[in-house]
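Quick note on our numbering: the sequence shown kicks off at 70 and runs consecutively.
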Amino acid sequence: MAKKIQYQEMGAGVPFETPLPDGLYAQITHSPDVRTCSHEVHIFPWEIILLEVRGGDVIGRGSGCNPGKLLTEYNVHKVFLVGLSDASRQELMQLLRSEVHLIN
Numbered sequence: 070m071a072k073k074i075q076y077q078e079m080g081a082g083v084p085f086e087t088p089l090p091d092g093l094y095a096q097i098t099h100s101p102d103v104r105t106c107s108h109e110v111h112i113f114p115w116e117i118i119l120l121e122v123r124g125g126d127v128i129g130r131g132s133g134c135n136p137g138k139l140l141t142e143y144n145v146h147k148v149f150l151v152g153l154s155d156a157s158r159q160e161l162m163q164l165l166r167s168e169v170h171l172i173n
């Protein structure tokens, strides 16, 4: 069964709601012209940044370009989709369909 994770859409450059509750969050962006990822075998136009919030402090926990891998390996509380067009969001949902269901 696919993992369910809440998501929120955000415009590029819009700050996160503050303060975020403690937990692990993922920020996902899409750059169709960028198709490389130096530290992973898979090549995707996605960038995922993992952020941990502890006591109001935001700590970078890692990044990658394979959203399915990162969202299934980590216990992510919420996903922020940053600056995604409708087409990009649909592409992401299709990519994740068997591993993760993003719910609004």
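Glycine included, C-beta positions come from ideal geometry on N, C-alpha and C. This one's a predicted model, so the numbers in the text were calculated from it and none came from an experiment.
Assumed close pair residue i, residue j - CB separation to whole angstroms, cut-off 8 Å
| i | j | result |
| --- | --- | --- |
| Glu78 | Leu150 | 5 Å |
| Arg97 | Pro136 | Residue 97 is actually Ile in this sequence, not Arg. That pair is a contact at about 6 Å. |
Per-residue burial, residue i [other beta carbons within 10 Å of its own, 16 or more giving buried]
| i | result |
| --- | --- |
| Val83 | exposed |
| Ala95 | buried |
| Val110 | Confidence at Val110 is low in this model, with a pLDDT of 48, below 50, so its placement is unreliable and no value can be given for it. |
8 Å Cβ cutoff met for residue i and residue j
| i | j | result |
| --- | --- | --- |
| Ser100 | Pro114 | yes |
| Tyr76 | Val127 | no |
| Asn144 | Leu89 | no |
| Ala81 | Gly152 | yes |
| Glu116 | Cys134 | yes |
Where residue i falls: helix, strand or coil (DSSP)
| i | result |
| --- | --- |
| Met79 | strand |
| Leu153 | coil |
| Glu142 | helix |
| Leu164 | helix |
| Gly137 | helix |
Pairing CB atoms from the stretch 118-125 with CB atoms from the stretch 163-172, are three or more of them under 8 Å? With a cut-off of 8 Å, the stretch 163-172 and the stretch 118-125 do not count as touching, because too few Cβ pairs lie within range.
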